[in-house]
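Worksheet: one structure, shown below.
Numbering (our numbering), first residue to last: 42 to 349.
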């Protein structure tokens with residue numbers, strides 16, 4: 042499996058934009074963000090790690106992800122970090138930074154420590170609401186949204202589409218959890234990156250990529266407390282989920298309805314602009330332009346019709 046260097050950050054970006062208004066938020070993302078803002082890690086080192094990581098991803102493949110491979114990578118990475126702490130114990134400033142970064146890294150390993158606001162569906166398909174008055178751990182949030190969605194399916198409720206959007210947003214955040222771990226590890230190593238040998242740098246990249254990929258796989262194969270397995274994927278904006286022991290044809294129909302809403306949202310964004318521009322065309326000279334603009338609208342309309 043090719044190692045992926047990107048993930049979906051839709052919910053995270055939304056959270057980042059609104060979290061400053063919340064008191065006592067404990068998301069891992071904001072903890073890492075605040076640490077970086079306070080400690081100001083070397084931007085040169087961060088860029089160097091980014092470049093090395095991209096080169097590593099481009100030339101390496103990820104082997105089979107197992108509990109054992111994850112445990113080994115975590116043990117190696119943690120052991121390396123502890124050795125680095127010991128090495129720099131007499132450098133008070135650097136040791137203080139490394140100690141805080143290491144604590145942040147170990148804290149982020151447990152998804153239960155990622156406390157997030159509740160997710161509520163909204164009329165805007167692309168921007169779910171966040172309820173900062175109700176927070177819970179990430180696994181609990183996914184569990185709640187999954188059970189609410191399954192219940193709505195069994196009862197054939199009209200709000201099934203909204204429940205699916207909420208579940209999707211929570212699963213995307215679960216998918217990002219491995220990225221937070223990687224980010225915190227990179228914050229740690231940014232302090233001593235230039236001091237490492239090429240072999241040590243490569244070992245770090247290998248271990249942290251395995252850890253991140255493991256959490257990614259766990260997120261896409263999530264087991265509820267009652268043993269129900271959720272499997273999902275998302276590619277080019279298309280979200281597909283299967284629920285063990287459930288009528289997944291019904292899930293496909295609901296997803297088609299959500300896709301229709303997504304296209305409708307896009308249509309509503311672009312159609313007023315097209316209509317306004319078309320109204321300004323007064324002469325035969327601009328007929329070709331008018332035809333071009335109209336064809337854009339027709340394409341969206343045809344996409345909607347295909348989903349009906």
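All C-beta atoms in this analysis are idealised placements derived from N, C-alpha and C, irrespective of residue type, glycine included.
Burial state of residue i (16 or more Cβ within 10 Å)
i: residue 195; result: exposed
i: residue 285; result: exposed
i: residue 45; result: Since pLDDT at residue 45 reaches only 39, below the 50 mark, its modelled position is unreliable, and the value read off the structure follows with that caveat. Exposed is the call here.
i: residue 120; result: exposed
i: residue 133; result: exposed
i: residue 114; result: buried
i: residue 88; result: exposed
i: residue 222; result: buried
i: residue 328; result: Confidence at residue 328 is low in this model, with a pLDDT of 41, below 50, so its placement is unreliable and no value can be given for it.
Beta-carbon proximity list for residue i, same chain, < 6 Å, skipping 5 on both sides
i: residue 198; result: none
i: residue 278; result: none
i: residue 225; result: 73, 145, 146, 149
i: residue 97; result: 246
Identity of the residues DSSP links to residue i by a beta bridge
i: residue 108; result: Bridge partners of residue 108: none, in fact.
i: residue 262; result: 272
Cβ-based neighbour list, residue i, same chain, cut-off 8 Å, excluding 5 preceding and 5 following
i: residue 347; result: Residue confidence for residue 347 is low, a pLDDT of 44 falling below 50, so the modelled location carries little weight and cannot support an answer.
i: residue 191; result: 269, 284, 287
i: residue 201; result: 190, 193, 194, 295
i: residue 112; result: none
Residue nearest to residue i in terms of C-alpha spacing, selected from the options
i: residue 231; options: 68, 255, 69, 92; result: 92
i: residue 155; options: 245, 211, 254, 266; result: 211
i: residue 186; options: 250, 263, 68; result: 263
i: residue 79; options: 137, 110, 102; result: 137
i: residue 84; options: 127, 233, 240; result: 233
i: residue 216; options: 256, 128, 86, 238; result: 256
i: residue 272; options: 252, 102, 208, 220; result: 208
i: residue 182; options: 160, 98, 100; result: 160
i: residue 95; options: 250, 177, 124; result: 250
i: residue 252; options: 100, 130, 117; result: 117
Beta carbon proximity, residue i to chain C, threshold 8 Å
i: residue 186; result: Checking the listed chains, one finds no chain C in this structure; it contains a single protein chain.
Proximal residues to residue i (C-beta, below 7 Å), its chain only, five neighbours per side dropped
i: residue 333; result: Confidence in residue 333 is poor, its pLDDT being 39 and thus under 50, which makes the residue's placement unreliable; the coordinate value appears in the next sentence. Excluding positions up to five away in sequence, the list is empty.
i: residue 266; result: 184
i: residue 143; result: 122, 126, 229
Minimum length 4: unbroken alpha helix (DSSP H) runs contained in the segment 187-259:
201-230
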